[in-house]
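Worksheet: the structure to be examined is printed underneath.
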Ligand SMILES: Nc1nc2c(ncn2[C@@H]2O[C@H](COP(=O)(O)OP(=O)(O)OP(=O)(O)O)[C@@H](O)[C@H]2O)c(=O)[nH]1
Ligand SMILES: [Zn+2]
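Right under this line is the structure:
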């Protein structure tokens with residue numbers, strides 16, 4: 001974000017928060033029924049603004065970059081690689097409420113593999129944006145498919161949605177599951193069953 005001389009700063013070395021952003025949060029506090037001028041809330045608009053820049057840091061993170069360092073030699077290993085139970089947090093684009101869950105990302109390598117942490121980095125780059133779970137699932141799978149050129153990709157995400165628990169239908173403990181299969185995991189039933197069994201194990 002470009003420097004704005006009207007920005008309000010709290011503490012040295014922190015990113016300035018533009019005045020209109022702080023004002024928007026003060027308006028929201030007022031709308032919620034509280035008084036933004038009371039002592040405990042005076043610095044809240046700047047904190048909230050910075051928190052949102054942090055929640056949404058994925059907009060400044062290029063997912064493809066994480067898949068640019070690849071390895072050709074993996075000791076003859078040519079089977080499925082699975083990163084299971086990767087915790088993540090996102091926010092739904094409808095209510096900006098938290099989506100909290102875990103992802104399982106598997107791929108059947110083609111000519112090369114990637115450092116395993118990079119799969120989690122791709123997930124976070126997409127999750128740290130305003131999302132719907134279906135798009136998050138597709139974006140992660142498509143990115144790996146396009147940049148790693150594997151024989152297959154499977155992405156399964158299970159998450160709870162804050163907009164269903166704390167508000168609206170107010171129904172806690174509901175888990176939404178989504179999956180996107182590409183390549184052999186989509187086209188070959190035996191490969192799909194195998195990877196789903198691995199994820200469930
Ligand atoms: N498909 C999908 N829906 C989502 C996701 N996150 C939130 N939602 C839903 O988005 C919908 C938005 O529906 P609307 O009717 O426009 O909004 P609303 O009046 O606040 O809906 P309620 O939540 O039912 O009160 C809700 O049903 C949410 O549960 C997601 O990741 N995927
Ligand atoms: Zn929502």
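Numbering (UniProt numbering), first residue to last: 1 to 201.
Positions of the beta carbon are idealized from the N, C-alpha and C atoms, including for glycine.
Keep in mind that this is a model prediction, so the values were computed, not measured.
Judged by beta-carbon spacing, residue 150 lies within the 7 Å limit of residue 108, meaning their Cβ atoms are closer than that value. In this structure, DSSP gives residue 197 a helical state, which the three-state scheme calls helix. For residue 104, the closest of 98, 174, 158 by C-alpha to C-alpha distance is 158.
Residue 94 has its Cβ nearer than 6 Å to a heavy atom of ligand 1.
Just so you know, the alpha carbons of residue 79 and residue 126 end up roughly 26 Å apart. By the neighbour-count definition (other C-beta atoms within 10 Å, threshold 16), residue 136 is a buried residue. In the structure shown, residue 107 falls within a strand segment according to DSSP collapsed to helix, strand and coil. DSSP, read as helix, strand or coil, puts residue 68 in coil. As the crow flies, the alpha-carbon of residue 183 is around 20 Å from that of residue 200. Here residue 90 is bridged, per DSSP, to 99. Proximity of the beta carbon of residue 163 to ligand 2 is indicated: a heavy atom of the ligand is located closer than 6 Å. Within a 10 Å sphere around the beta-carbon of residue 116 sit fewer than 16 other beta-carbons, which makes this residue exposed. Note on residue 128: 16 or more other CB atoms within 10 angstroms of its CB, so buried under the neighbour-count rule. The beta carbon of residue 62 lies closer than 8 Å to those of 125 in the same chain, with the five residues before and after it left out. Relative to ligand 1, residue 133 has its C-beta within less than 6 Å of a heavy atom.
For the 7 Å CB-CB criterion, residue 81 and residue 49 do not form a contact.
In terms of Cα proximity to residue 100, the closest of 160, 120, 118, 36 is 160.
Residue side-chain check: residue 58 keeps its Cβ at 6 Å or more from all non-hydrogen atoms of ligand 1. Relative to residue 102, the option among 83, 164, 168 whose CA is nearest is 83. Comparing alpha-carbon positions, the option among 180, 88, 110 lying closest to residue 76 turns out to be 110. DSSP, read as helix, strand or coil, puts residue 29 in helix.
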